[in-house]
Each structure stands twice: as C-alpha cells, then as structure tokens.
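So the structure is just underneath, and the comments pick up after that.
Protein chains in written order, with my numbering: chain A, 83 to 382; chain B, 28 to 205.
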C-alpha cells in the first residue's frame with residue numbers, strides 16, 4: 083500500500099495543514115508518495131515543509147518516500163533554482179525529470195534551501211545572506227539600513243532554535259516575492275523548519291507543570307513566543323524570539339510558529355490569520371515563518 | 028593600564044574562519060573563554076573590548092560574551108566596550124537589561140562613555156556626571172546633583188556594584204577608557 087499525499091496547488095503556510103493532514107497517523111505505516119505534479123507555486127515554507135516530511139520519515143525508519151516532481155517546467159525550474167531538488171535528492175526517490183541544478187538563482191531567492199545541522203551552518207547562512215538582504219530590504223522594501231542587520235540577527239536566532247532545541251537538523255530558505263492577495267506589496271519571507279522534538283517536548287520537563295491541564299502544543303508555543311521561556315535554566319536564554327517579535331512590531335511583520343498540532347502567530351494589521359490555531363493535523367518538529375513587508379510608501 | 032582586546036581577532040581565532048559575525052552561542056562561549064584566558068594573564072585594571080571589526084552581534088553572542096563576562100564572579104577588571112555600531116548597541120542593551128546588568132561603551136569619536144543595559148536612574152545620572160567631571164566623593168556628588176548625601180551614596184554604591192566606577196578611599200573614579 084502507498085499513501086499518496088498531494089502537494090497543494092498553491093503551497094504555503096495557509097495550505098500547509100492540508101498537506102500535513104495527508105499523512106494521517108504519524109508516522110504513516112504505508113510507503114509515502116508525495117505528489118507535486120499539480121503544484122503551481124510553493125513558498126519557501128512549503129518547500130522546506132516537504133523536505134521536513136522526508137527527513138522525519140527517514141528518522142522514523144520508514145521506507146524512502148517517493149516524490150513526483152511538478153509537471154510545469156516553470157515551477158520545476160523555480161524549485162531547482164531555490165535549491166530544493168539538491169536537498170530532496172537525498173531524502174526522496176524522485177520521479178520525473180528534474181532540471182539541472184547549475185542554473186543561477188533568481189534575484190528573489192535570497193537564500194536557497196540550506197540545511198542547518200550545527201552552529202557553523204548558522205555562520206554560513208548569516209554570511210551568505212548579508213549582501214542580498216541589504217539590496218532587497220533597503221532597496222526594494224524601503225526599510226532603514228539598520229534593518230538589514232536586524233534581519234540577519236532574526237535569521238540567526240531562528241536557525242539557532244534548530245541547533246539548540248530540535249535535537250536534529252533542519253532547513254532554512256529566504257525569498258522575496260509579492261503578496262498579491264493578502265497585502266498587495268513585496269515581502270521577504272524567512273522559513274525555518276525541522277523534524278525534531280517540537281516545542282511541547284522541548285519545554286515539557288521544565289514548564290509543563292506550571293500549565294497543568296492546559297499543557298499542549300499551543301501552550302508550549304505561547305510559553306516560548308509570548309513569555310520567552312526556554313528549556314535551559316540559564317536566565318539569558320529565551321530572548322531570541324522576543325527580540326524577533328519586537329523587530330516585527332516595528333515593521334508590521336508577522337511571525338508564525340507551527341509545532342505538532344498548533345500554530346501561533348503574531349498577526350499584523352494587514353493579515354487576518356487566527357492568533358492561535360489548535361487541534362491541527364499533526365506534523366513533526368517545528369516550522370517558523372517570518373514575513374517582512376515592504377513599508378507603506380506613505381510612511382517612507 | 029588598559030588591555031585592548033580586538034574582538035574580530037578573537038572571533039577569527041575562535042571559529043578558525045574569516046567570518047565577521049559574532050553569532051551563535053557556541054561561538055560566543057569560545058570567544059568568552061579566550062577573553063577570560065587573556066585577562067587572567069593580564070595585570071591591567073580595565074579591559075577594552077573593541078568591536079570595530081565585527082559586522083553583526085546577535086543576542087546569543089551578546090549574552091554569551093558580554094553578559095556572562097559581567098556575571099563572572101570575582102572579576103578583577105573593569106569592562107568597557109568600544110567600536111560598537113547602533114545595532115550592536117541594541118543587541119547588547121537588550122540582553123543586559125534582561126539580566127539587570129550594565130556596561131560602559133565609548134561611542135566613536137568620544138571620550139565619555141555611555142551606559143548600555145540597566146541601572147537605576149540615579150546611578151545613570153551619577154555615572155554621566157563622574158565620567159564628565161572626574162572623581163568625586165558622595166558629598167561632592169550630592170552637591171553637584173542637589174541630592175541628599177544618602178541618595179548620592181546609594182547611587183555610587185549601585186555603580187560600584189555594577190563595576191562602573193572605581194572606588195579608591197572615599198573617592199569614586201570614572202573607568203579609564205583611554
């Protein structure tokens with residue numbers, strides 16, 4: 083038996099739950115086929131979500147999953163330029179013709195899909211992003227120059243969450259694109275995902291008692307993002323997400339974190355997302371998305 | 028005597044790579060250990076950490092390096108930062124405020140340091156005054172600030188506790204920065 087999981091046509095944080103629901107009980111007992119033939123577009127969050135599923139299946143010692151690549155040549159080329167197929171080749175048995183990976187990246191791929199396994203990788207990510215980030219954030223989005231360094235700091239802290247808390251490796255990708263439907267402006271999106279223990283398990287031993295019966299994926303996300311708690315007893319820990327939140331307040335940005343069966347978002351005025359969504363289909367690890375919109379030309 | 032420590036040099040040694048970004052906790056810890064080793068062998072009273080070759084300081088590194096150096100018990104030296112950019116200020120100020128700590132930082136082109144982090148308002152004013160005018164005792168500060176002597180004594184004790192002034196007898200000296 084093979085379980086077929088369809089990649090949503092427009093694959094982003096909003097359609098992610100449909101993708102996660104496809105796996106049913108985790109880990110699925112059957113061989114998994116991820117069918118991306120009908121995909122027309124995928125955000126960095128969607129792309130690294132597929133990789134996270136592949137990684138989680140490998141770590142659960144399941145049979146190597148299959149991945150059918152998008153039918154659309156344009157979509158395939160874009161996924162290739164974003165570095166997706168390079169990483170997917172290790173995790174999936176690929177079906178369909180994959181474009182050569184030598185193509186140069188489009189200007190809106192600020193950081194192609196990059197594995198984060200150790201703190202050295204975070205150095206690499208921050209080093210790689212610095213030049214392009216300034217061009218996009220200051221040049222295109224109209225953010226002040228110092229925003230570039232804050233952005234790199236946010237990226238560094240988000241990637242370190244994988245190294246420090248996940249108990250396994252993960253992925254990061256950064257792209258700029260236009261949010262036509264939700265905002266009608268350019269945005270930069272940081273997506274970070276891992277197949278690790280998730281926020282609930284990471285914080286359980288130190289914080290579950292305080293929450294009593296309320297403890298769960300949602301409460302763990304609240305503890306980390308709103309209260310700034312950490313599993314470490316070191317009082318200096320847990321400041322990274324608080325700092326990211328502060329930056330995003332200034333820029334009317336958005337952060338959302340999905341872990342296990344819950345997703346918590348700090349919702350800016352331009353978005354209509356629900357702050358806390360609970361009882362979602364389970365998905366392993368944690369997925370973080372940070373969206374920074376172009377500043378309103380009137381306020382520049 | 029002042030011991031100047033080039034953070035860019037320490038970073039390159041710690042990560043064995045040409046990066047200019049002070050990021051991640053393991054990097055911060057490695058950098059801090061090198062600074063502690065340098066200071067252990069030094070007879071200088073003040074350590075000046077020079078960030079001018081550093082591109083980015085993230086919160087984790089600000090915490091691992093600056094906050095933890097200040098939290099080290101029985102520290103025999105005064106710590107001062109220089110060569111900081113505005114975003115460095117922001118990260119360091121954030122972590123120190125979180126811990127209730129403070130440090131002196133010398134802005135480019137200035138001799139008078141400013142404070143990053145958290146100290147009580149009176150201590151902050153007293154720090155600015157002593158940095159500007161030189162050593163004072165509690166009654167001198169009280170006169171200068173039009174405070175009761177008990178208030179100026181409390182402010183000076185606060186600064187001493189944070190290692191932001193150097194008490195010698197009855198006088199409180201500004202930290203040496205040059």
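Beta carbons: idealized from backbone N, C-alpha and C, even for Gly.
Only a predicted model underlies this, so the values are computations on that prediction, with no experimental measurement involved.
- Interface annotation, residue 87 of chain B: in contact with chain A, CB-CB separation under 8 angstroms.
- Against chain A, the CB of residue 113 of chain B has a partner CB under 8 angstroms away; the residue lies at that interface.
- The beta carbon of residue 53 of chain B falls within 8 angstroms of a beta carbon belonging to chain A, placing the residue at that interface.
- DSSP places residue 291 of chain A in the helix class (H, G or I) of the three-state scheme.
- For residue 179 of chain B, the uninterrupted alpha helix (DSSP H) run begins and ends at 176-188, by DSSP.
- Using a Cβ-Cβ cut-off of 8 angstroms, residue 120 of chain B does not count as an interface residue toward chain A, since no Cβ of chain A sits closer than that to its own.
- Between the alpha carbons of residue 223 of chain A and residue 233 of chain A lies a distance of about 13 angstroms.
- Rounded to the nearest whole angstrom, the CA to CA distance from residue 48 of chain B to residue 84 of chain B is 6 angstroms.
- Taking a C-beta cut-off of 8 angstroms against chain B, the contacting residues of the segment 222-241 of chain A are 228, 231, 232, 234, 235, 238 and 239, listed in chain order.
- In this structure residue 159 of chain A is in contact with residue 181 of chain A, their Cβ atoms being roughly 5 angstroms apart against a cut-off of 8 angstroms.
- Between residue 88 of chain B and residue 31 of chain B the beta-carbon gap is near 19 angstroms, outside 8 angstroms, which marks them as no contact.
- Here residue 342 of chain A carries a strand assignment [DSSP, helix/strand/coil].
- Contact between residue 256 of chain A and residue 193 of chain A holds, since their C-beta atoms are separated by about 4 angstroms, short of 8 angstroms.
- Assigned with DSSP and collapsed to three states, residue 179 of chain A falls in coil, not helix or strand.
- Residue 92 of chain B is a Cβ neighbour of residue 58 of chain B, given a cutoff of 8 angstroms.
- Per DSSP, the unbroken alpha helix (DSSP H) holding residue 37 of chain B starts and ends at 34-42.
- Taking C-beta atoms as the reference points, residue 140 of chain B and residue 147 of chain B fail to come closer than 8 angstroms.
- Under the criterion of beta carbons closer than 8 angstroms, residue 277 of chain A and residue 141 of chain A qualify as touching, at roughly 6 angstroms.
- Out of A:227, A:316, A:378 and A:369, the CA that lies nearest to the CA of residue 133 of chain A is found in A:369.
- Among the residues facing chain B, residue 321 of chain A is included, as its CB has a counterpart in that chain under 8 angstroms away.
- Residues of chain A whose Cβ lies closer than 7 angstroms to the Cβ of residue 83 of chain B are, in chain order, 208, 231, 234 and 235.
- Taking a Cβ-Cβ threshold of 9 angstroms, none of the residues of chain B is close to residue 270 of chain A; the smallest such distance is about 17 angstroms.
- As a beta-bridge residue in DSSP terms, residue 201 of chain B pairs with B:192.
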